[in-house]
């Protein structure tokens with residue numbers, strides 16, 4: 038059995054000694070990486086932007102979906118349109134305007150509900166918890182739950198199939214970085230929870246192995262009077278995330294990991310200061326993340342690395358080709374007039390290839406791959422090398 042990658046460490050031709058900074062004059066950097074920015078990597082320095090293609094053909098291409106145009110209002114959560122999926126993860130998009138008159142229960146894995154729009158109340162086995170725009174609600178496998186919106190609610194739901202959600206290993210920065218575990222709110226057995234208990238008939242819609250069974254009770258089974266233990270539903274809002282930042286180096290997406298699932302990770306992009314060092318990249322770098330598919334759901338704000346992308350859209354970059362910033366963003370590679378980013382986005386990186394669901398097929402922008410084409414003069418940058426190696 039092989040225990041590690043074949044070790045190689047060398048510099049060839051014109052190259053920077055520091056990745057993502059001090060690029061040789063007139064070059065564009067491209068990272069070839071393994072294991073989602075955690076494995077070995079090589080930095081290539083090119084004369085032309087690595088995404089300056091003129092045509093795409095075949096099934097492998099960057100894709101974009103406008104979920105704003107998706108008819109996602111369904112009577113049951115389990116009928117919500119599937120956007121993307123594989124054996125480890127399933128992404129749904131759901132529009133909920135009325136209180137759920139049933140309980141949902143996922144026997145296939147943990148469920149994560151990201152509240153894109155709206156507000157209301159979550160009632161579950163553990164009690165009552167209010168929710169609002171920007172909340173992550175993590176529901177352990179087999180939790181019974183329902184939502185009672187006070188405002189129409191749009192939800193990006195990400196199932197960890199046959200897996201559990203965990204927090205990432207924060208290593209040297211410690212467990213209080215990004216967000217303190219004390220920021221994770223748990224439901225309460227409060228007056229609102231007790232008030233919703235009744236002796237009426239309730240149905241529980243249980244999904245297991247992709248099929249839904251219905252169990253009917255002559256009372257509301259959310260009738261707990263208390264609980265204790267270290268397993269619970271939790272809530273975290275994106276505005277409570279304090280991002281890692283470096284004024285001299287553009288950190289990879291993996292630095293913004295919020296939750297870890299079974300063969301995938303969920304990252305959250307929130308406002309952070311731009312890099313201040315003269316030679317540091319100030320936008321995401323070109324890269325081949327050839328072990329992962331990359332998906333971004335655009336929640337709110339100004340999305341700096343993409344052109345013509347609005348809130349409620351999704352981009353999907355399957356592994357196997359180079360991707361990176363759009364041409365307009367390239368012009369800001371080293372000169373950024375703003376002091377900080379203004380975006381909120383949820384990123385899903387999967388170790389296994391994703392498949393499009395019927396929801397994505399309905400609202401795909403087929404011309405997205407063409408959006409990297411450069412019109413007019415080639416993109417250039419003013420960078421002067423300071424520590425480049427010959």
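Residue numbers (the working numbering): 38 to 427. All C-beta atoms in this analysis are idealised placements derived from N, C-alpha and C, irrespective of residue type, glycine included. Source: prediction; values computed, not measured.
Practice task
Kindly indicate the opening and closing residues of the beta strand (DSSP E) around residue 383.
Solution key: Residue 383 -> beta strand (DSSP E) spans 379-387.
Exercise for the section: May I ask you to check if the CB of residue 381 is nearer than 7 Å to at least one heavy atom of the ligand MN? Expected result: Looking for the ligand MN in the displayed structure turns up nothing, as the structure carries no ligands at all.
Handout entry: Cβ neighbours of residue 259 in the same chain (closer than 6 Å, five flanking residues each side left out)
Key = Excluding the 5 residues flanking it on each side, residue 259 has same chain C-beta neighbours closer than 6 Å at 160, in chain order.
Practice task
Assess, as a yes-or-no matter, whether the segment 66-78 is touched by the segment 326-345 under the definition of 3 or more beta carbon pairs within less than 8 Å.
Solution key: A contact exists between the segment 326-345 and the segment 66-78.
Exercise for the section: Would you kindly check if the distance between the Cβ of residue 141 and the Cβ of residue 129 is under 8 Å? Expected result: No; because the gap between Cβ atoms is not below 8 Å, this pair is not in contact.
Problem - Buried/exposed call for residue 251, threshold 16 Cβ in 10 Å - result: In the assembly as shown, residue 251 is an exposed residue. Its beta-carbon has fewer than 16 other beta-carbons within 10 Å.
Problem - residue 56 to residue 89 span [Cα, whole Å] - result: Residue 56 and residue 89: Cα-Cα distance of roughly 21 Å.
Exercise for the section: Select from 296, 208, 193 the residue whose C-alpha is nearest the C-alpha of residue 127. Expected result: Selected option, being the one with the closest Cα: 193.
Exercise for the section: Can you check DSSP and say which residues form a bridge with residue 185? Expected result: In the DSSP output, where bridge partners are listed per residue, residue 185 has 158.
Handout entry: First and last residue of the uninterrupted alpha helix (DSSP H) at residue 231
Key = Element bounds for residue 231: 228-232.
Exercise for the section: Classify residue 347 as buried or exposed, calling it buried when 16 or more other Cβ atoms lie within 10 Å of its own Cβ. Expected result: Label assigned to residue 347: exposed.
Problem - From 220, 222, 135, residue whose alpha carbon lies closest to that of residue 184 - result: Per the Cα distances, 135.
Exercise for the section: Identify every residue that forms a DSSP beta bridge with residue 102. Expected result: Residue 102 is bridged to 351, 401.
Exercise for the section: Measure the Cβ-Cβ separation of residue 99 and residue 352 and say whether it is below 8 Å. Expected result: Cβ atoms of residue 99 and residue 352: closer than 8 Å.
Handout entry: Candidates 106, 121, 67: closest to residue 132 by CA position
Key = The option with the nearest alpha carbon to residue 132 is 106.
Exercise for the section: Kindly identify the DSSP beta-bridge partner or partners of residue 338. Expected result: Residue 338 pairs with 380.
Practice task
Could you tell me whether the Cβ of residue 400 comes closer than 8 Å to any Cβ of chain D?
Solution key: Protein chain content of the structure displayed is limited to a single chain, and chain D is not contained in it.
Handout entry: Neighbour-count burial assignment, residue 163, 16 or more Cβ in a 10 Å radius
Key = That one is buried.
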